[in-house]
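**Q**
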Amino acid sequence: MKPIQHANIAVIGAGIVGLAHALEAAKRGYNVILFERDQYALGASVRNFGMVLPVGMAPGAVHQRALRSRNIWLEVAREAGFWHEPVGFMILAYRPDEMAVLTEFCERGPALGYIGQLLDKTEVLQRCAGANPDGLLGGLWSPTEMVVDPREAVRKIPAYLARQYGVTLRFGAAVTAIDLPYIEAGGQTWQVERALVCGGSDFETLYPELFQASGLTRCKLQMLRTEPQPDNWRLGPMLATGFTLKHYPAFSLCESLTPLKARLAAEYPELEQWGIHILASQNEAGEVILGDSHEYGLAPEPFDRTEIDELILFHAQKMLRLPSLKISQRWHGVYAKHVEQAAVIETPAENVRVVTGLGGIGMTTSFGLAQETFEAWA
Ligand SMILES: Cc1cc2nc3c(=O)[nH]c(=O)nc-3n(C[C@H](O)[C@H](O)[C@H](O)COP(=O)(O)OP(=O)(O)OC[C@H]3O[C@@H](n4cnc5c(N)ncnc54)[C@H](O)[C@@H]3O)c2cc1C
4 MKPIQHANIA
14 VIGAGIVGLA
24 HALEAAKRGY
34 NVILFERDQY
44 ALGASVRNFG
54 MVLPVGMAPG
64 AVHQRALRSR
74 NIWLEVAREA
84 GFWHEPVGFM
94 ILAYRPDEMA
104 VLTEFCERGP
114 ALGYIGQLLD
124 KTEVLQRCAG
134 ANPDGLLGGL
144 WSPTEMVVDP
154 REAVRKIPAY
164 LARQYGVTLR
174 FGAAVTAIDL
184 PYIEAGGQTW
194 QVERALVCGG
204 SDFETLYPEL
214 FQASGLTRCK
224 LQMLRTEPQP
234 DNWRLGPMLA
244 TGFTLKHYPA
254 FSLCESLTPL
264 KARLAAEYPE
274 LEQWGIHILA
284 SQNEAGEVIL
294 GDSHEYGLAP
304 EPFDRTEIDE
314 LILFHAQKML
324 RLPSLKISQR
334 WHGVYAKHVE
344 QAAVIETPAE
354 NVRVVTGLGG
364 IGMTTSFGLA
374 QETFEAWA
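With my numbering as the guide, the letters of the sequence shown map in order to residues 4 to 381.
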């Protein structure tokens, strides 16, 4: 008979969703075991921009969740000792219809809790060393955004959980079966009262039948990273352009978005085809992260498209003036995405929750979502 070890709660998956839930469980006094099948997390949570971006979130519950998450990020980053910067977010407008959406957002947004500020060209350039001034009309400045280096954060949070809260870490241990109170992982049997499955885009290993009717799919995104910018050059706020207004639900409250969407679709069918919008963030090392594209489907193509990288770089240069555009790394990431919901929480068996499907907002919302999971699961 294999030895049996005990915990109150098992969290499966050490991406940001699993880490956030392990933290919340530990704060509530539970004895937590965190399983990760790889030696360290390699999924979407280490492949992203590191953007914590409340301003893009849908008004109401998701925006509030993001604001709470941001506060928890600040606390965790300080205590776990990883780099983070509250740099804010700037959306640049190069066309009057983009400026119209930003203006409308600044008029309507405050009633819904957004605190964006409309800036003219001069004010934008004062804040953004990297913004391309050619044809720039102005921008939307939001101060609520922060950036982390996801590779560093996702590696340091587990050690912090172990140190601060006594969370037991089992990395390199895939969970292969959950039949509570028993869990099989890495050749060991654990006895737990509850299990939280935060396996990201792995729909097959545990509860595959759940996903057939779940409305979940996968999305593949291509990304690029420059070499460290010379002479400690800093980008300032994270940057985006008019394409991003289509992408984040916050801007759907603007009636002026409809004509902008129509113009962008007609003018840039190649961006439409690959779901490209342009974002830039900078990490502590000075590297600028550029992306991204969106290709949906359950079986993401393993091979990256040069065409997508070229489109991202071409359009990034329209908004950015970087001292160095030398690309040092290219990669893609895959996340789980629900067609309508900002997250999926399922109960496949008694005392088991599956939490996934956060799409492109997992870094922004996971900590707040974890609070909600446990409030509903007291
Ligand atoms: C390119 C890209 C850019 C993005 N940019 C941003 C951004 O800037 N801001 C933002 O808010 N969001 C962003 N996102 C979205 C965000 O990264 C995801 O929403 C989030 O990382 C999902 O976290 P997760 O924990 O669900 O998944 P993952 O990070 O994939 O983690 C799941 C983990 O579970 C483990 N696992 C799975 N099955 C098992 C098992 N049976 N046993 C043990 N372990 C298991 C896996 O090994 C993995 O480590 C981006 C995503 C991508 C791909």
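Think of the CB as a built atom: it goes at the ideal place given N, C-alpha and C, for glycine as much as any other residue.
Going by Cα to Cα distance, which pick from 193, 140, 320 is closest to residue 14?
**A** When only C-alpha atoms are compared, the closest one is 193.
**Q** Given that a residue counts as buried once 16 or more other Cβ atoms are within 10 Å of its Cβ, and exposed if not, what is residue 286?
**A** Label assigned to residue 286: buried.
**Q** Can you list the beta strand (DSSP E) stretches of 3 or more residues lying completely in the segment 247 to 329, in chain order?
**A** 282 to 285, 291 to 294, all fully within the segment 247 to 329.
**Q** Leaving out the 5 sequence neighbours to the left and right, which residues in its chain are closer than 8 Å to residue 139 when beta-carbon positions are compared?
**A** For residue 139, where only same-chain residues beyond five positions count, the Cβ hits under 8 Å are 95, 96, 97, 124, 127, 128.
**Q** Could you check which residue in 292, 206, 90, 136 has the C-alpha nearest to that of residue 150?
**A** It is 90.
**Q** Could you name each continuous alpha helix (DSSP H) segment of 4 residues or more that falls completely within the segment 6 to 89, going from the start of the chain to the end?
**A** Segments of the alpha helix (DSSP H) lying fully in the segment 6 to 89: 19 to 30, 64 to 83.
**Q** Buried or exposed: residue 159, going by 16 or more other Cβ atoms within 10 Å of its Cβ?
**A** Buried, because 16 or more other Cβ atoms sit within 10 Å of the Cβ of residue 159.
**Q** When you compare the CB positions of residue 372 and residue 68, do they come within less than 8 Å of one another, or not?
**A** For residue 372 and residue 68, yes; Cβs fall inside 8 Å.
**Q** Hey, residue 171 and residue 37: beta-carbon distance below 8 Å or not?
**A** It is a contact, given that the beta carbons lie within the stated cut-off.
**Q** What residue range does the beta strand (DSSP E) around residue 151 cover?
**A** Per DSSP, residue 151 belongs to the beta strand (DSSP E) from 149 to 151.
**Q** Run the proximity test for residue 25: is its beta-carbon closer than 7 Å to any non-hydrogen atom belonging to ligand 3?
**A** Among the ligands in the structure shown, ligand 3 does not appear; only ligand 1 can be found there.
**Q** Between which two residues does the alpha helix (DSSP H) holding residue 143 run?
**A** Taken as a continuous stretch (DSSP letters only), residue 143 belongs to no alpha helix (DSSP H), being part of the beta strand (DSSP E) at 141 to 145.
**Q** Fully enclosed by the segment 182 to 212, which beta strand (DSSP E) runs are 3 residues long or longer?
**A** Fully enclosed beta strand (DSSP E) runs of 3 or longer: 185 to 188, 191 to 200.
**Q** I'd like the list of long-range same chain contacts for residue 264, defined as Cβ closer than 6 Å, with 5 residues on each side in sequence excluded.
**A** Only 249 meet the Cβ criterion.
**Q** Among the residues of its own chain, which have a CB less than 6 Å from the CB of residue 120, if the five just before and after it don't count?
**A** Result list for residue 120: 144, in chain order.
**Q** What residues in its chain sit with their C-beta under 8 Å from that of residue 55, if we drop five residues either side in the sequence?
**A** Taken in chain order, the residues that qualify are 69, 72, 73, 76, 148, 149, 150, 151, 366, 367.
**Q** Check whether the segment 274 to 286 touches the segment 237 to 247, taking contact to mean three or more Cβ pairs, one atom from each stretch, closer than 8 Å.
**A** Yes: at least three Cβ pairs fall under 8 Å.
**Q** Check whether the segment 175 to 191 and the segment 37 to 54 touch, using three or more Cβ-Cβ pairs below 8 Å as the test.
**A** Because the criterion of three Cβ pairs below 8 Å is met, the segment 175 to 191 and the segment 37 to 54 touch.
**Q** In the DSSP output, which residue or residues are listed as bridge partners for residue 117?
**A** Looking at the DSSP assignment, residue 117 forms no beta bridge with any residue, so it has no partner.
**Q** Closer than 7 Å to a non-hydrogen atom of ligand 1 - does that hold for the CB of residue 45?
**A** Under cutoff, so the answer is yes.
**Q** In the DSSP output, what is residue 104 paired with across the bridge?
**A** None, per the DSSP bridge assignment.
**Q** Looking only at C-alpha atoms, which of 104, 270, 185, 351 sits nearest to residue 213?
**A** Taking only the C-alpha atoms, the option nearest residue 213 is 351.
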